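Just so we're aligned, residue 1 is where the sequence shown starts under full-length UniProt numbering, counting upward by one. We treat Cβ as the ideally placed atom computed from N, Cα and C, and that holds for glycine. The structure presented is a predicted model; accordingly, all values stated were derived computationally and were not measured. Here is the structure we will look at, set down as structure tokens.
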Amino acid sequence: MKTLYKIFTITILIWLPRFVDAQTLKTSVYSGAKPRAISGVSIGVQLPGFIGDIEVGGFYETHSKFTTDSNGEESREVIGAQGILASFSVASTRKLNVNFGTKIGLIRDGVFIHPSLTAEYYLSDIVSVGVESRLANMTPAFQAKLSFYMFGAQDRKFRQAKYKARKESYRVHKQYRD
């Protein structure tokens, strides 16, 4: 049943952008550093928001905890986690995007919520590199991120122009109101 659920979810995420206007499928790979190394993959759909893209999707990641015992031996405990993610654009230009997001997931017998702030630089319409900082169990975690945009990456330019027009409209409206 779990395998069927995963296949169904992936199928929906792959085919949804093909039939919905101006959507982009985004896949990401990320990796962290010691002492709290969080590495994983995510897949999400970018939806057009009012002033920037909104991403919703799912992720799978491993949480590695490094410890040193009394003999100086280093050990590593690896725990798998999966869940959902959501983020929205805080600031955006043609090449740079800053997102605020959260990941909600299941790990062992509990639930975790990790807020994050991500800065992404677009190398091209389909590839971006980024840096993510998030709060994991009241400990800051930093990650490098590589993202690929599929099925609708060309629509990003259209959405950026629309967001710029909306921001300008809001600014003009605010001037007249004051």
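Pair within 9 Å by beta-carbon distance, residue i and residue j
i, j, result
"V41", "V29", "yes"
"I107", "H63", "yes"
"T102", "A86", "yes"
"S75", "F88", "no"
"V111", "I104", "yes"
"L135", "P115", "yes"
Residue i in three-state terms, based on DSSP
i, result
"R177", "helix"
"K164", "helix"
"S75", "strand"
"T27", "strand"
"R134", "strand"
"I38", "strand"
"T139", "strand"
"I126", "coil"
With 16 other Cβ atoms within 10 Å as the buried cut-off, status of residue i
i, result
"F59", "buried"
"I79", "exposed"
"Q143", "buried"
"H173", "exposed"
Nearest neighbour of residue i, chosen from the options [CA to CA]
i, options, result
"K95", "E55, A144, F142 and G130", "G130"
"R166", "P48, S133, A37 and T9", "P48"
"E55", "K164, A161 and L25", "L25"
"F100", "V172, R171, S133 and S128", "S133"
"I84", "G72, A91 and E61", "E61"
"A81", "Y122, I38 and L117", "I38"
For residue i, the first and last residue of its enclosing beta strand (DSSP E)
i, result
"E61", "D53 to T68"
"L117", "G110 to Y122"
"G101", "L96 to I107"
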